[in-house]
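The structure appears below as structure tokens.
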Amino acid sequence: MNPQAIHEHNSAPLSAPTRALHWILALAMIGLTAVGLYMAEFEAWALYPIHKSIGLLVLPLALARAAWRLKEGWPPAASPATALQQTLAKAVHGLLLLCTLAMPISGMTFSGGSGHGFGIFGLTLMHHNADPQRPGEVLPLHEGLSQLAQSVHSALGYLLIALLLLHVAGALKHHLLDRDATLLRMLGRSER
Ligand code: HEM
Ligand code: HEM
Numbered sequence: 001m002n003p004q005a006i007h008e009h010n011s012a013p014l015s016a017p018t019r020a021l022h023w024i025l026a027l028a029m030i031g032l033t034a035v036g037l038y039m040a041e042f043e044a045w046a047l048y049p050i051h052k053s054i055g056l057l058v059l060p061l062a063l064a065r066a067a068w069r070l071k072e073g074w075p076p077a078a079s080p081a082t083a084l085q086q087t088l089a090k091a092v093h094g095l096l097l098l099c100t101l102a103m104p105i106s107g108m109t110f111s112g113g114s115g116h117g118f119g120i121f122g123l124t125l126m127h128h129n130a131d132p133q134r135p136g137e138v139l140p141l142h143e144g145l146s147q148l149a150q151s152v153h154s155a156l157g158y159l160l161i162a163l164l165l166l167h168v169a170g171a172l173k174h175h176l177l178d179r180d181a182t183l184l185r186m187l188g189r190s191e192r
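Residues in the sequence shown are numbered from 1 upward in steps of one, following UniProt numbering.
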């Protein structure tokens, strides 16, 4: 074993809230990223309200997860890890968690500011701002803020993809090469 290895580790299953929130949010974030890129590229307008609805539902879950992390702290490594490995894992986890908060917030700011509004499956949370001069069109409420939030939404979308590739590569490295319990304990199992 590496002499720098830190011995504080624990391969017990992660808590039920950690596992449930992780997998629900993982599925939602991967799906929303794919749908977001697709609908923006191909102007698939029918997907916009679905993307916004599911995206808005992410926010309370992401807030619950952030609160749970503040209460519980980050899980200790599943097997001996160096200080550098632990720092890298924490940095990627922290940024992923930040994306789950920043993506819905930038999406709301962007759609709200552009005058398009948003809601959750028919329940309007922010009304569109109809243009009295041009039927069927909307007037921006705050063009500059909306454009800034759109850039943030788009840039964070690409950051999320890069982080996710690192994150999944890390999970697979632990499972296939280190053969430790990192992935299994997120699935509710412990020793392999
Ligand atoms: C919560 C997680 C979310 C994720 C991961 C996500 C991800 C994305 C991605 C990757 C894009 C493509 C960006 C581009 O190609 O420039 C996109 C576009 C978009 N998102 Fe989201 N989004 C989320 C939530 C939301 C929410 C809550 C709203 C609004 C209330 C929203 C509104 C939009 C809109 C309107 C577009 C189209 C942008 C365009 O036409 O240029 N998103 N989203
Ligand atoms: C197929 C995709 C994914 C796999 C296989 C996966 C796997 C894992 C595993 C094994 C852990 C535990 C790491 C440890 O023990 O230190 C973990 C933690 C974590 N993952 Fe993922 N993950 C995936 C997708 C995602 C996505 C899309 C996000 C965020 C948007 C995410 C965010 C996190 C965060 C924040 C943690 C830290 C613990 C927590 O707060 O839940 N993961 N992931």
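Note that the Cβ used here is the ideal one computed from N, Cα and C, for glycine as well. Only a predicted model underlies this, so the values are computations on that prediction, with no experimental measurement involved.
Just the Cα atoms here: how many angstroms apart are residue i and residue j?
i, j, result
"L97", "A78", "20 angstroms"
"S114", "A34", "22 angstroms"
"E137", "H128", "9 angstroms"
"T18", "W68", "8 angstroms"
"A162", "F110", "23 angstroms"
"L32", "Q86", "29 angstroms"
"G55", "L37", "14 angstroms"
"L141", "S154", "20 angstroms"
"I120", "W45", "16 angstroms"
Put residue i into one of helix, strand or coil per three-state DSSP.
i, result
"G73", "coil"
"P17", "helix"
"P3", "The predicted position of P3 is uncertain, since its pLDDT is 43 and thus under 50; no value can be drawn from it."
"L172", "helix"
"D178", "helix"
"L187", "coil"
So, is residue i buried or exposed, given that buried needs 16 or more other C-beta atoms within 10 angstroms?
i, result
"F118", "buried"
"D180", "buried"
"T124", "exposed"
- prompt: Where are the beta strand (DSSP E) runs, 3 residues long or more, that stay fully inside the segment 67-148, in chain order?
  reply: 118-120 and 123-126
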